[in-house]
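Novice:
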Amino acid sequence: MISRRHMLRAGAGLIVSGALSGLPKPTIAAKYPTRPVTIVVPYGPGGVSDAMGRLAASNLQSALGGAFVVDNRAGAAGMIGAHRVAHAKPDGYTILEHTSVLAIHAVFNKKLNFNIQKDLVPISLLGKGPCILMASTKTPFSNIAELIDYAKNNPGKLNYASSGVGSTGHLFGERFARSNNLDLTHIPYPDSGRSYLALFAGEVQLVFDSVTALEMIRTGKVNALAVTSEDRWSELLEVPTMREQGFPDMTAELWTQLLAPAGTSQEIIEAIAATLADAAKSPEYMTIAKRAGMLAIGSSPAEARKVLDDDIAMWQTLADNGFELPG
Numbered sequence: 002m003i004s005r006r007h008m009l010r011a012g013a014g015l016i017v018s019g020a021l022s023g024l025p026k027p028t029i030a031a032k033y034p035t036r037p038v039t040i041v042v043p044y045g046p047g048g049v050s051d052a053m054g055r056l057a058a059s060n061l062q063s064a065l066g067g068a069f070v071v072d073n074r075a076g077a078a079g080m081i082g083a084h085r086v087a088h089a090k091p092d093g094y095t096i097l098e099h100t101s102v103l104a105i106h107a108v109f110n111k112k113l114n115f116n117i118q119k120d121l122v123p124i125s126l127l128g129k130g131p132c133i134l135m136a137s138t139k140t141p142f143s144n145i146a147e148l149i150d151y152a153k154n155n156p157g158k159l160n161y162a163s164s165g166v167g168s169t170g171h172l173f174g175e176r177f178a179r180s181n182n183l184d185l186t187h188i189p190y191p192d193s194g195r196s197y198l199a200l201f202a203g204e205v206q207l208v209f210d211s212v213t214a215l216e217m218i219r220t221g222k223v224n225a226l227a228v229t230s231e232d233r234w235s236e237l238l239e240v241p242t243m244r245e246q247g248f249p250d251m252t253a254e255l256w257t258q259l260l261a262p263a264g265t266s267q268e269i270i271e272a273i274a275a276t277l278a279d280a281a282k283s284p285e286y287m288t289i290a291k292r293a294g295m296l297a298i299g300s301s302p303a304e305a306r307k308v309l310d311d312d313i314a315m316w317q318t319l320a321d322n323g324f325e326l327p328g
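In our numbering, the protein residues as written are 2 to 328.
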């Protein structure tokens, strides 16, 4: 797993690639864009992906001129939008915003008619955030060691919820269970909201989800046991990391990034990345990203590629250990 120790220092608000910071932005204003650019968001309006896609579109439009238009293409767990961009003309006018779910599909989705690593080119990360392991207030454990002890003494009695089969919450739970030889039952729900309701009611005992659950943690509706980031999350400094509690293999982060069809001009890719590196320094960008549960990031294309590839390798290890998704 990629070392990300510098990425989530307590109180940090921004990470900008050293490869981009301080370097002049490529000058392409005279020739790009000359017509509207479509940023495909593979989920419906209102979620984290949509918020980050619109944030990128707004900043690119302001800096490069022309229109950057968000096109929500929801369906097939984010693959309808990804399919559209993977097969689009590589001219810089069709771009994909996607999440860490993309790496899961690269490993477990056997129905794809394109190759995520070959047919899509990472441009820049937009934001990152930890996954949080939360427990019902009705449970008797308050940290990971107590959870594992309880699970081993009560095999088959703990359930964990997620927003659906193949979601990051599902697979984080599977990794956690397998790495600690725990008998946990996965209960999928149509969305995160339903999984939280089940957690409140004590119908399930655990949920892995993003920091969008922050308010529920602060109001005591759920107990946060750990964050999966390398360092403590600045908004939840009281919650220890998995690494601190002796489980470094569970270190991982959720992310969003922009990607383009393979063959897109490197000049365009680098210009977009440099523009976003500048944008991510702004208080407005940081505020919107934070509201979406993300730490603002402007990265180089190489850094975005490494994060995608490392996550794919992480999930491939799970697959190599015998885990498969149904269908």
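Even glycine gets a Cβ: it sits at the ideal position worked out from N, Cα and C.
(1) Taking one C-beta from the stretch 246-262 and one from the stretch 73-90 each time, how about it: are there three or more such pairs within less than 8 Å?
(2) Return the Cβ separation of Val-212 and Ile-133 in integer angstroms, given the expectation that the two are a contact with Cβ distance under 8 Å.
(3) Given Pro-25, which residues of its chain have a CB within under 6 Å of its CB, disregarding the five upstream and five downstream residues?
(4) Taking Cβ positions, are Val-205 and Ala-199 nearer each other than 7 Å?
(5) Going by DSSP in three states, Arg-10 sits in which element: helix, strand or coil?
(6) Report the residue from Gly-76, Asp-310, Leu-309 and Glu-231 whose alpha carbon sits nearest the alpha carbon of Thr-252.
(7) For Ala-274, count neighbouring Cβ atoms within 10 angstroms of its own Cβ and tell me buried if that reaches 16, exposed if not.
(8) At the level of alpha carbons, what is the spacing between Pro-91 and Ile-269?
(9) With the cut-off set at 7 Å, would you say Ile-313 and Ala-227 are in Cβ contact?
(10) Give the range of the beta strand (DSSP E) segment to which Asn-224 is assigned.
(11) One question on the structure: do Met-315 and Val-208 come within less than 7 Å of each other, judged by their Cβ atoms?
(12) Measuring alpha carbon to alpha carbon, tell me which residue in Ala-78, Glu-98 and Pro-46 is nearest Val-38.
(13) Could you check what DSSP says for Thr-242 in three-state terms: helix, strand or coil?
(14) What separation, rounded to the nearest whole angstrom, lies between the Cα atoms of Gln-118 and Ala-104?
(15) Where do the N-terminal and C-terminal ends of the beta strand (DSSP E) with Pro-284 fall, by residue?
(16) Closer than 6 Å by C-beta to Trp-234: which residues in its own chain qualify, once you throw out the five before and the five after it? Chain order, please.
Specialist: Taking the coordinates as given:
(1) yes
(2) 6 Å
(3) Interpretation of Pro-25 is limited by its pLDDT of 48, a score under 50 that renders its predicted location unreliable; the figure taken from the coordinates is listed afterwards. Cβ within range, chain order: n/a, list empty.
(4) yes
(5) For Arg-10, the pLDDT reaches just 35, beneath the cut-off of 50, and the residue's location in the model is therefore unreliable, although a value from the coordinates is still provided. It is coil, neither helix nor strand.
(6) Glu-231
(7) buried
(8) 11 Å
(9) no
(10) 223-228
(11) no
(12) Glu-98
(13) strand
(14) 9 Å
(15) From DSSP, Pro-284 is part of no beta strand (DSSP E) but of the alpha helix (DSSP H) over 284-292.
(16) Pro-131 and Val-228
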